[in-house]
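Structure below.
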């Protein structure tokens, strides 16, 4: 089983739609959680950290469910510019710090 | 976040040769890492670059193939040795400043094609 799993998509949604991605992680000792955005042929950019209490940044809301071991990202009022691949990432702290990425979920927002 | 630069940004190399990729950060950082992203795939951690000591490699990656140096807190190199077409990939340097929560930031990547 992969340590971090995501639905690869693509999610094809119209502008203005609300879309949600989930990401599951296998190691209950995971300590920190993030969502990254990666545009085609670019490096990943940190979108937001995911806190236990959940957090919101404009149209983006991230939530963590430790009991079920998943994190989610909700995008409201989708824009064309939101089209990208969204990667979830988890820090494992076993013998050392390690940031592990999911395979990414591709989002296409159409006019 | 830190400003991270990588050189070269891209290269085309012949099999059997080696390429050294440089990563420079604009400020001192605690941790530096090297990742690989193969076409259509997610990021795979190659190793953690430790300042003043040998890098810590992930399963499937070895020092002879991917020697790493980190002489100080702002600079690291990754060498891809004895290259084959399977090494064609994007190689990304990343840094993390503070733990927790440990946000990481990435350099622009080096796009390597091996013929």
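Residue numbers (our numbering), protein chains in the order written: chain A, 867 to 977; chain B, 309 to 423. For glycine and all other residues, C-beta sits at the position ideal for the given N, C-alpha and C. It should be emphasised that the depicted structure is a prediction, and the values quoted were computed from it without experimental measurement.
Unbroken beta strand (DSSP E) run spanning residue i, endpoints
i                      : result
residue 870 of chain A : 870-872
residue 975 of chain A : 971-976
residue 926 of chain A : 926-931
residue 419 of chain B : 418-422
residue 915 of chain A : 911-916
residue 921 of chain A : 921-923
residue 356 of chain B : 351-357
residue 284 of chain B : Lying outside 309 to 423, the shown extent of chain B, residue 284 of chain B is not represented and no answer is given.
residue 328 of chain B : 327-333
residue 867 of chain A : Per DSSP, residue 867 of chain A belongs to no beta strand (DSSP E) and is neither H nor E.
residue 967 of chain A : 963-967
residue 938 of chain A : 936-941
Assigned secondary structure, residue i (DSSP; H/G/I helix, E/B strand, else coil)
i                      : result
residue 947 of chain A : helix
residue 379 of chain B : strand
residue 394 of chain B : helix
residue 404 of chain B : strand
residue 319 of chain B : strand
residue 369 of chain B : coil
residue 893 of chain A : coil
residue 309 of chain B : coil
residue 426 of chain B : Past the boundaries of the shown model lies residue 426 of chain B; chain B is included only from 309 to 423, so the question cannot be answered.
residue 346 of chain B : coil
Local Cβ density within 10 Å of residue i, reported as buried at 16 or more and exposed below that
i                      : result
residue 417 of chain B : buried
residue 320 of chain B : exposed
residue 962 of chain A : exposed
residue 312 of chain B : buried
residue 902 of chain A : buried
residue 329 of chain B : buried
residue 896 of chain A : buried
residue 905 of chain A : exposed
residue 392 of chain B : exposed
residue 267 of chain B : Beyond the ends of chain B as shown, which are 309 and 423, falls residue 267 of chain B; an answer cannot be given.
residue 924 of chain A : exposed
residue 337 of chain B : buried
residue 322 of chain B : exposed
Residues that residue i bridges to, as DSSP identifies them
i                      : result
residue 881 of chain A : BP columns for residue 881 of chain A are empty, so no partner.
residue 908 of chain A : Partner(s): none; residue 908 of chain A has no beta bridge.
residue 338 of chain B : DSSP output for residue 338 of chain B lists no bridge partner at all.
residue 425 of chain B : Limits of chain B in this structure are 309 at one end and 423 at the other, which puts residue 425 of chain B out of reach.
residue 363 of chain B : Residue 363 of chain B pairs with nothing; no bridge assigned.
residue 899 of chain A : A:916, A:956
residue 887 of chain A : A:939
Task: Contact residues within the stretch 347-380 of chain B, judged by C-beta distance below 9 Å to chain A - done: 349, 350, 351, 352, 353, 356, 364, 366
Task: Interface residues of the stretch 960-976 of chain A facing chain B [CB-CB below 8 Å] - done: 962, 963, 964, 965, 966, 967, 968, 969, 970
- [ ] Return the residues of the stretch 913-936 of chain A that lie within a Cβ-Cβ distance of less than 7 Å from chain B, sorted by chain order.
- [x] 915
Task: Residues from the stretch 408-420 of chain B in contact with chain C, defined by Cβ distance under 9 Å - done: Judged by its chain identifiers, the structure shown contains no chain C, and its protein chains are A and B.
TODO: Give, in chain order, every residue of the stretch 936-949 of chain A whose Cβ lies closer than 7 Å to some Cβ of chain B.
DONE: none
Task: Under 7 Å (Cβ pairs) to chain A, residues found in the stretch 377-403 of chain B - done: Here the close residues are 400.
TODO: Would you list, in chain order, the members of the stretch 311-339 of chain B that have their beta-carbon closer than 7 Å to a beta-carbon of chain A?
DONE: 339
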